[in-house]
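For the sequence shown, the working numbering assigns the number 1219 to the initial residue and increments by one for each residue that follows. Glycine included, every Cβ here is placed at the ideal spot set by N, Cα and C. Quick caveat, the model's predicted, so the values are computed rather than measured. Take a look at the structure set out below.
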Amino acid sequence: PVPVVAIDGPSASGKGTVGARVAEALGWHHLDSGTLYRLTALSAIRRGVDLGDAAALSALAAALPARFDGGRVLLGDEDVSDEIREEACSVGASRVAVLPAVRDALFGRQRDFRQGPGLVAEGRDMGSTIFPDAQVKVFLTASAEARAERRYKQLIEKGLPAKLESLMQDLRERDARDAARSVAPLQQQPDAVLLDTTSMDVDAAVAFVLDLVRD
Ligand code: CDP
1219 PVPVVAIDGP
1229 SASGKGTVGA
1239 RVAEALGWHH
1249 LDSGTLYRLT
1259 ALSAIRRGVD
1269 LGDAAALSAL
1279 AAALPARFDG
1289 GRVLLGDEDV
1299 SDEIREEACS
1309 VGASRVAVLP
1319 AVRDALFGRQ
1329 RDFRQGPGLV
1339 AEGRDMGSTI
1349 FPDAQVKVFL
1359 TASAEARAER
1369 RYKQLIEKGL
1379 PAKLESLMQD
1389 LRERDARDAA
1399 RSVAPLQQQP
1409 DAVLLDTTSM
1419 DVDAAVAFVL
1429 DLVRD
């Protein structure tokens, strides 16, 4: 089977950066699964679809005209890379992600990313549900304080408004929602290797994952 590296973990743990760098180093495909939940939320918000309407949301998710082009995310012909990172889409993504119908609608689309020579997939349920047979499973985490600070720095660098206190609050709420839901709750799989990046830089985290793959 085509090899998969599954990287799961909470918000702002560094999965995105580490996943992209590992994929690049290996020359493998890359799936940032959170993007699909963000795109579903964005489409719903734009169309005025209620974020609790499972039937309407799963139809939207199944039909998402999503495309990934280099690092950019397109919805139809529109580049929505920045918009899906905004707070409304982050909160919206974590709300639509509790709905089993939405998760089912996105299942096959995620599995389709598994193509040779290999795939690095990151999210919450890569190792548990989407690619349970992944060769390498990593649970990437960091303290809530470290994660809030990273997100804060990212926003400030982009010239966007940011408040450390409210970021921390939002992270805690989203962590709680991701961990408590009945489908695909965020939790470390028994066969996943724990990688705590609280006091580790990106280069070290990337090297750690690459070592696991090459072992
Ligand atoms: O960047 P951040 O880690 O904050 O978020 P993300 O990975 O883009 O995911 C956004 C939201 O989508 C999360 O809060 C989860 O609720 C949900 N999600 C999920 O349920 N399952 C996944 N495989 C990926 C994301």
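- A distance below 8 angstroms separates the beta carbons of MET1386 and ALA1362.
- When secondary structure is reduced to three states using DSSP, PHE1349 falls in the coil class, being assigned neither helix nor strand.
- Taking the Cβ atoms as the reference, LEU1275 lies roughly 6 angstroms from ALA1262, within the contact range of under 8 angstroms.
- Residue state for ARG1329 is assigned as helix, using DSSP reduced to three classes.
- For VAL1222, no alpha helix (DSSP H) encloses it; the enclosing beta strand (DSSP E) starts and ends at 1222 to 1226.
- Placement of the Cβ of ASP1271 at a distance of 7 angstroms or more from every heavy atom of ligand 1 is found.
- Secondary structure of ALA1284 (DSSP, three-state): strand.
- At least one heavy atom of ligand 1 is found less than 7 angstroms from the C-beta of ALA1315.
- Judged by their CB atoms, SER1231 and THR1415 are nearer to each other than the 8 angstroms cut-off.
- Taking the Cβ atoms as the reference, VAL1240 lies roughly 6 angstroms from VAL1223, within the contact range of under 8 angstroms.
- Taking 8 angstroms as the upper bound for CB-CB distance, ALA1279 and ALA1323 are in contact here, some 4 angstroms apart.
- Pairwise C-beta distances place the segment 1317 to 1336 in contact with the segment 1253 to 1272, as three or more of them are shorter than 8 angstroms.
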